[in-house]
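S.K.:
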Amino acid sequence: MNSKQAVTPPHLCLAWDHRDPGAMESADSLITRIETQPARWAIRLQKPGVRLYVPEVLVDSPNVLQLRNGAGIILGTIFPSWRQPNTSAASATRSLTSYEEERILQSEGRSLISSHWGSYILFLSNAETGDVHVVRGPMSAIPCFWVEFAGVTLFLSRPPDVFDLRLISPRVNWDLIRAQAAMGDYLCHETGLSGVFSLVSGDCVTLRRGKPTRRAYWTPKSSVDLDSSLRFETAAHRLHQTTRSVIDCWASLHPSLMVTLSGGLDSSIVLSCVARASSRPTVRAINFHSRLSGDERFYARSMATLCGVPLLEVALPGDVDFSCFLNCARTASPVLSFGAFATEPIFSRLCQQFNASAVFTGELGDGVFGHAYGPELLAETLWRYGPTPRTFRTMHGYATLHKLSVWRAARLALAEYRRYRHADCPGTYQRIRARSMPEHHGLAADETIETYGRMQARFIHPWLREATTGPPACLQTILGMIMLTSTWSHSAFSALDEAVLVSPLASQPIVETSLGIPADFHIADSISAAVARRAFGPLLSPEVIRRGKAKGNPEPWLKGLIARNRAFLRDFLLDGILVRERILDKRRTELALSTELTGSNVRVVDIIVQLHIEAWLRRWIGHAAVA
């Protein structure tokens, strides 16, 4: 399989009320523009009131599944969820039965979520009602955006495609940019472009008489199974079987693939499952290391040896030129990835060298394997069991693991539980964020921070709004899920025909299994990630099993890059759009870029975030476009 076959084709879909003469005229105008563009599009779905295009060069992609009744198209990859975990039976669905298709049509796409899982977008047209439904699968990594124009709703995967029609011009959503600069945006329905909205994973947009409405078909909370009778051994077995089955399915799509291997628990589990996949892919592991950021090759080597997989040890480049940001992709919003500018070109080169069509990562492992929990784990125990012996055993285990007194753990449990019971959504989100990003002096102007404070409820992902009434410890995992179905699905530095990043742990079956495991299981016997260690212990090297919680930190490496690119950053940011619009504080920015970051109150992350945002703004509106 070459890399182009592994990529889901971009899409451009027009939907309108075909009984409305005005909408019909707009649709005809758009269709003419699309079909006369130099970049040729091919029609894959044509019904009254809907037309779906994919690039002509990718029209035969295996990731386009047409319903036999002609009612719709599924772009992406789906696997049947009714199949029992069985590593010898992994295969993507290439066709649906007549019964399944009828259920999909009658349920307006909802039944596909229960019958299948994967990464997909469903386009569905009901000939009887004239309704059009667009569903983004739960945990789908395929982006989908929508914009309204003169009675026509356009759905698309790449924002530049709609603006290339030259009927409307891109306008920056300055409120979202201010939220991002204040480190507060959390990837909601809005994007960095005014009028361009994101279809959240698990959501459906329905057009009825040409009017779009949005509905949630799946959310993390709706998938949580609060089984009070679940036993530890059962949870471990279920996690093992589900993870093996899911990774086996994803691996079956790629005869040759790579796995990022830090040597931590998450990436080690992914490698061990991929190496044992029934499709027997050719597997290579990649370990990124840096003298500044910690060298974890000892652990990575132990896993590569155990799995019989070649290990490519790649030094994180210390000579990255930040001028690469001048050519970042025109995504819907700034992509706030802290290492993609360095790693994505390496992935592309290595995949071409070894003919690999995907790079598998261990992203979301902290959440699904339960070794990233703080006091919210204690709050969940109180929430589930009240003041019982099980709760007190959990407090004791937490205290032992974190080297606290039991009384300190009890006070943390009670305080966190009280905050959870009386929390509004923005407040809960801010507390979780504060734990991962300690107090620091950022670069955003005071006015920017105050403005974000007044509108922060607007920029809360709908999954987070629901999370405040579910198990408290799930919130941290949900934050990671949002990141992986939003920012990570939009590459700022890779081209369409390059190999794809696959995060198999961020798959619907694994997420649903993980969310149903009581949080206290993850620290049973005062062991971090206790369920995952029980589930996968025989598949891991002794070195990884015995490894503590410490892991490499990319900040020293990033500090070195910032120092190397200080002159560029000073020109780029101090004379940039963010400073001109008074979103960044010029004095703080100048101070941060004129001294060594060691001992500074400005975090490396903040500088990289502002660099991404500034580069994105220049790509969309141009440096000279802002007065």
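Residue numbers (numbering that gives the first Met the number 0): 0 to 626. The C-beta atom is built at its ideal place from N, Cα and C for all residues, glycine as well.
#1: Going by the CB atoms, is the gap between S336 and A505 shorter than 9 Å?
#2: From which residue to which residue does the beta strand (DSSP E) around M138 run?
#3: Is it true that the CB of G263 sits closer than 9 Å to the CB of V543?
#4: Considering C12, what are the terminal residues of the beta strand (DSSP E) in which it resides?
#5: Hey, out of A284, R93, R579, whose CA is closest to G361's CA?
#6: Please specify which runs of the beta strand (DSSP E), each continuous and at least 3 residues long, are wholly inside the region 82 to 125, giving them in chain order.
#7: What three-state label does DSSP hand E127 in the structure shown?
#8: CA-CA distance, T380 and R275?
#9: How is P211 classed by DSSP in three states: helix, strand or coil?
#10: Let me know the secondary structure DSSP gives L252 once reduced to three states.
#11: With a threshold of 16 other CB atoms inside 10 Å of the CB of G598, please say whether the residue is buried or exposed.
#12: Output the boundary residues of the alpha helix (DSSP H) element that contains H421.
#13: From the DSSP output, in three-state form, read off M179 for me.
#14: In this structure, does DSSP put W217 in helix, strand or coil?
#15: Name the residue from S90, V63, I33, F122 whose alpha carbon lies nearest to the alpha carbon of V49.
#16: Per DSSP, E147 forms a beta bridge with which residues?
#17: With a Cβ-Cβ cutoff of 9 Å, do T393 and L376 count as a contact?
#18: Verify the contact flag: D584, CB atom, against every heavy atom of the ligand MG, threshold strictly below 8 Å.
#19: From the DSSP output, in three-state form, read off H132 for me.
#20: I need the boundaries of the alpha helix (DSSP H) containing P508, first residue and last residue.
#21: According to DSSP, which residues form a beta bridge with L169?
#22: Taking the beta carbon of E34 as the centre, do at least 16 other beta carbons fall within 10 Å, making it buried, or is it exposed?
#23: Quick check on R532: does DSSP put it in helix, strand or coil?
#24: Count the other C-beta atoms from every protein chain shown that fall within 10 angstroms of the C-beta of R243, then say buried if there are 16 or more, exposed otherwise.
#25: Please say whether L29 and V195 have beta carbons closer to each other than 9 Å?
#26: Mapping the DSSP letters down to three states, classify Q455 as helix, strand or coil.
#27: By Cβ distance, which residues of its chain are closer than 6 Å to A181, with the 5 residues on each side in sequence left out?
#28: According to DSSP, simplified to helix, strand and coil, what is Y372?
#29: If you draw a straight line from the C-alpha of P280 to the C-alpha of S404, how long is it?
#30: Could you give the residue range of the alpha helix (DSSP H) that holds Q351?
#31: Between H370 and S156, how many whole angstroms is the CB-CB distance? I'm expecting something under 8 Å.
#32: Which of the three DSSP states, helix, strand or coil, is assigned to I73?
#33: So L557 packs on I607, CB below 8 Å; how close in whole Å?
#34: Measure the alpha-carbon distance for R618 versus I612 and round it to whole angstroms.
#35: With a Cβ-Cβ cutoff of 9 Å, do E147 and R457 count as a contact?
#36: Using 8 Å for Cβ pairs, my map puts F321 next to L610. What's the rounded Cβ distance?
M.R.: Quick look at the numbers:
#1: no
#2: Counting along the chain, M138 sits inside no beta strand (DSSP E), nor does DSSP assign it H or E at all.
#3: Yes, they are a contact pair.
#4: 11 to 15
#5: Considering only alpha carbons, the answer is A284.
#6: 115 to 124
#7: coil
#8: Near 36 Å, if we compare the C-alpha coordinates of R275 and T380.
#9: strand
#10: coil
#11: With a pLDDT of only 48 at G598, under the threshold of 50, the placement of this residue in the model should not be trusted; the figure read from the coordinates follows. G598 comes out exposed.
#12: First-last for H421: undefined, no H or E at that position.
#13: Reading off the sequence, residue 179 comes out as Gln, not Met. Q179 falls in the helix class under three-state DSSP.
#14: Under the three-state reduction of DSSP output, W217 falls in the coil class, being neither helix nor strand.
#15: F122
#16: T152
#17: yes
#18: In terms of ligand content, the structure shown is empty, and the ligand MG therefore cannot be addressed.
#19: strand
#20: 507 to 514
#21: Note on residue identity: the sequence assigns Pro, not Leu, to residue 169. None; P169 has no bridge partner.
#22: The residue in question, E34, is exposed, as its Cβ has fewer than 16 Cβ neighbours within 10 Å.
#23: helix
#24: Flag for R243 reads buried.
#25: Not closer than 9 Å, so no.
#26: Per DSSP, reduced to three states, the secondary structure at Q455 is helical.
#27: A443, T447, I448, Y451
#28: coil
#29: 49 Å
#30: 339 to 353
#31: That belief does not hold up - the Cβ atoms of H370 and S156 are roughly 34 Å apart, past 8 Å.
#32: strand
#33: 6 Å
#34: 10 Å
#35: No.
#36: 7 Å
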